[in-house]
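Trainee: Here the sequence shown is numbered in the working numbering, starting from 1 and rising by one per residue. Note that the Cβ used here is the ideal one computed from N, Cα and C, for glycine as well. Computed from a predicted structure; not experimentally measured.
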Amino acid sequence: MRPYLHEAERNGQNMAAKVSKAKRPKRRWVGIALPSSIQSSADLANVLEASPYSVYRIKLYDCHVGATEEALTARSIQKRTDDVGFAIICVLLSQYQEVRNVLDSGDGHGLTSITSSGKIRLVRERLGIPKPSRR
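1. Would the beta-carbon of isoleucine 88 fall within 8 angstroms of that of tryptophan 29?
2. Hey, how far is the Cα of leucine 122 from the Cα of alanine 16?
3. So is isoleucine 93 buried or exposed if we call it buried at 16+ other beta carbons inside 10 Å?
4. For aspartate 107, count neighbouring C-beta atoms within 10 Å of its own C-beta (all shown protein chains included) and say buried if the count is 16 or more, exposed if not.
5. Quick one: give me the first and last residue of the beta strand (DSSP E) that valine 91 is part of.
6. What's the gap between the Cα of valine 19 and the Cα of lysine 26?
7. Measure how close the beta-carbons of alanine 33 and phenylalanine 86 come, nearest whole angstrom, since I'm counting them as under 8 angstroms.
8. Can you tell me which of Ile77, Gly66, Gln39 and Ile38 puts its alpha carbon nearest to the alpha carbon of glutamate 125?
9. With DSSP as the reference, label isoleucine 129 as helix, strand or coil.
See below:
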């Protein structure tokens with residue numbers, strides 16, 4: 001018996017193989033500016049489910065509407081004078097360019113792209129948004 005086997009393997013049970021990082025779907029996190037008309041994450045979710053975005057697999061991560069302290073801090077870091085909020089969405093890499101085109105076209109219900117990265121930490125740093133506390 002090999003001593004380095006996992007306990008489940010020693011007992012004859014099969015373990016499910018973990019999917020390697022290289023085989024997982026690639027994604028991009030996009031930092032967007034929200035118009036003042038969006039007052040909650042539910043409003044933003046409704047916009048994302050509406051016409052141009054409904055065909056894409058988009059997941060909302062962070063949402064700070066214009067009236068929040070986090071949005072005020074982020075606006076001061078970015079030296080913005082407009083009353084915008086900020087959000088971070090996650091899109092699949094295969095759909096990333098199309099989503100960026102919709103955001104940049106102006107058809108996106110007032111949503112504009114500010115930054116994007118393969119790491120959510122970098123998007124948060126660039127926007128000046130704090131990492132949410134774990135519950």
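Mentor: Straight from the coordinates:
1. Residue mapping note: residue 88 aligns to position 88 of the sequence shown, counting from 1. Residue mapping note: residue 29 aligns to position 29 of the sequence shown, counting from 1. Result yes, Cβ atoms of isoleucine 88 and tryptophan 29 sit closer than 8 angstroms.
2. For the purposes of this step, residue 122 is taken as the residue at position 122 of the sequence shown. For the purposes of this step, residue 16 is taken as the residue at position 16 of the sequence shown. If you take the alpha carbons of leucine 122 and alanine 16, they lie about 32 angstroms apart.
3. Stepping through the sequence shown from its first residue, residue 93 is reached at position 93. First, the residue type needs correcting, since residue 93 is leucine and not isoleucine in the sequence shown. Leucine 93 comes out exposed.
4. Looking up residue 107 in the sequence shown gives position 107. By the 10 Å Cβ count, aspartate 107 comes out exposed.
5. Locating residue 91 in the sequence shown gives position 91, counting from the first residue. Counting along the chain, the beta strand (DSSP E) containing valine 91 begins and ends at 85–92.
6. Working through the sequence shown from its first residue, we reach residue 19 at position 19. Working through the sequence shown from its first residue, we reach residue 26 at position 26. Looking at the two C-alpha atoms, the distance is approximately 13 angstroms.
7. By one-based count along the sequence shown, residue 33 stands at place 33. By one-based count along the sequence shown, residue 86 stands at place 86. Indeed they touch by this definition, with Cβ atoms about 6 angstroms apart.
8. Sequence index remark: in the sequence shown, residue 125 carries index 125 (1-based). Closest by alpha carbon: Ile77.
9. Reading the sequence shown from its first residue, position 129 is the one you call residue 129. Looking at isoleucine 129 - three-state DSSP - the assignment turns out to be coil, as it is neither helix nor strand.
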